[in-house]
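Engineer: Here it is, the structure, as structure tokens.
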Amino acid sequence: MTTLHVIAHSPFGDNRLQSCLRLLGADDALLLCGDAVYALRNGTEPQRLLQAASLEARLYALDEDLQARGIGGIDGALAEAVDYPAFVALSLKYDKVNSWL
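Reminder that position 71 of the sequence shown reads as 71 in full-length UniProt numbering, one-by-one numbering, no gaps.
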């Protein structure tokens, strides 16, 4: 069963991101929204963890949150920026959606 994991909390405040990455299945995807998009900032430990997880074509970030936090340069190399309609489409593509509260 495939799962879309959704994280909204900053990767600098707790270990949700690390826990999620440990549990992520081979066909699962990860969507970063809210303060979780800070994980994509260049040169950070969370960015290194995401790169090491080899999530090609399975890592997404909500574009509105990237813009609101001034995080640019998301060119699809690590994560794909998605809008709200694409978020809904991702939610329908996967069997389950797991929000890491």
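Built from N, CA and C at the ideal position, the CB exists for glycine as well.
Return the chain-ordered list of same chain residues with a C-beta closer than 7 Å to the C-beta of Ser91, the five sequence neighbours on each side being excluded.
Structural biologist: Leu4, Val97
Engineer: Please give the ranges of any beta strand (DSSP E) in the region 71-99, keeping only runs that are unbroken, at least 3 residues long and fully inside the region.
Structural biologist: 80-82
Engineer: When the distance is taken between beta carbons, is His9 closer than 7 Å to Ala53?
Structural biologist: no
Engineer: Could you tell me the alpha carbon to alpha carbon distance between Ile71 and Met1, rounded to whole angstroms?
Structural biologist: 32 Å
Engineer: Give me the Cα-Cα distance between Ile7 and Trp100, rounded to the nearest whole angstrom.
Structural biologist: 5 Å
Engineer: Ala81 and Leu66 - do their beta-carbons sit closer together than 7 Å?
Structural biologist: Yes, they are a contact pair.
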